[in-house]
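Undergrad: The working numbering numbers the first residue of the sequence shown as 7 and each following residue consecutively.
Idealized CB from N, CA, C, for every residue including glycine.
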Amino acid sequence: MFDVPVDSTYVWFGVGAVSLAVFGVAVGLPSAAPPDARAAANAVDAVAVGPSGAVGTHTLPAADRFRLGPTQIGLENDGGRAHATFAYSVTPAVADDRLERVLDGDRPRSTFDSPAAFADAASAASEGKTDWRPAPDRLTVRRVTWGKGNVTLVG
Numbered sequence: 007m008f009d010v011p012v013d014s015t016y017v018w019f020g021v022g023a024v025s026l027a028v029f030g031v032a033v034g035l036p037s038a039a040p041p042d043a044r045a046a047a048n049a050v051d052a053v054a055v056g057p058s059g060a061v062g063t064h065t066l067p068a069a070d071r072f073r074l075g076p077t078q079i080g081l082e083n084d085g086g087r088a089h090a091t092f093a094y095s096v097t098p099a100v101a102d103d104r105l106e107r108v109l110d111g112d113r114p115r116s117t118f119d120s121p122a123a124f125a126d127a128a129s130a131a132s133e134g135k136t137d138w139r140p141a142p143d144r145l146t147v148r149r150v151t152w153g154k155g156n157v158t159l160v161g
């Protein structure tokens with residue numbers, strides 16, 4: 007009457023195995039959400055449609071790494087990756103020191119020899135491939151026009 011049924015032992019082993027599996031799934035879930043790439047793309051688009059000289063910034067507090075191209079931004083953290091597409095083509099200023107200086111506020115004429123050199127540097131930056139790199143604290147966007155070069159610098 008007080009004997010343990012053989013079936014109950016197997017039930018307890020099954021319950022223990024299921025509990026371990028659920029615990030493993032819970033531990034494997036990311037602890038944070040991916041960064042908001044759409045908000046960053048919207049900030050870039052807002053400057054891209056503005057007048058020459060328009061400047062904007064967008065903080066990236068949740069991003070550990072980022073990748074910037076002429077049509078898309080990618081942000082990454084422990085929670086995963088997020089990508090967003092720009093409405094307008096932009097010029098990444100992350101691989102050219104001269105474009106970075108213009109993005110930071112220097113005038114193109116003090117950095118480049120001619121409007122053609124500026125346009126060539128912007129064109130080369132738009133065609134180049136960017137890799138994942140450490141994300142800055144904030145993303146800066148500047149609309150610049152000099153000669154025939156009319157670009158939206160992002161970095």
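Whole angstroms is fine: what's the gap from D103's alpha carbon to A47's?
TA: D103 and A47: Cα-Cα distance of roughly 23 Å.
Undergrad: Would you decide whether R149 is buried or exposed? Buried here means 16 or more other CB atoms lie within 10 Å of its CB.
TA: Per the 10 Å Cβ criterion, buried.
Undergrad: Locate the alpha helix (DSSP H) running through L109, then write down its first and last residues.
TA: First-last of the alpha helix (DSSP H) with L109: D103 to L109.
Undergrad: In the DSSP assignment, the alpha helix (DSSP H) including F124 goes from what residue to what residue?
TA: Here the alpha helix (DSSP H) through F124 covers P121 to E133.
Undergrad: If we count the other Cβ atoms within 10 Å of its Cβ and call it buried at 16 or more, is A93 buried or exposed?
TA: Under this definition A93 is an exposed residue.
Undergrad: Beta strand (DSSP E) containing A170: first to last residue?
TA: One cannot answer for residue 170 here, as it falls past the ends of the chain, which runs 7 to 161.
Undergrad: Between E106 and the rest of its own chain, which residues show a CB-CB distance below 8 Å, the 5 nearest in sequence each way excluded?
TA: So the qualifying residues of the chain are A99, V100 and G161.
Undergrad: Buried or exposed: S29, going by 16 or more other Cβ atoms within 10 Å of its Cβ?
TA: The question names Ser, but residue 29 in the sequence shown is Phe. Exposed.
Undergrad: N48: beta carbon under 7 Å from a heavy atom of the ligand FAD?
TA: The ligand FAD is absent from the structure shown, which contains no ligands of any kind.
Undergrad: Note down the Cα distance separating V1 from T146, rounded to an integer number of angstroms.
TA: Given that the chain is displayed from residue 7 to residue 161, the structure contains no residue 1 and the question cannot be resolved.
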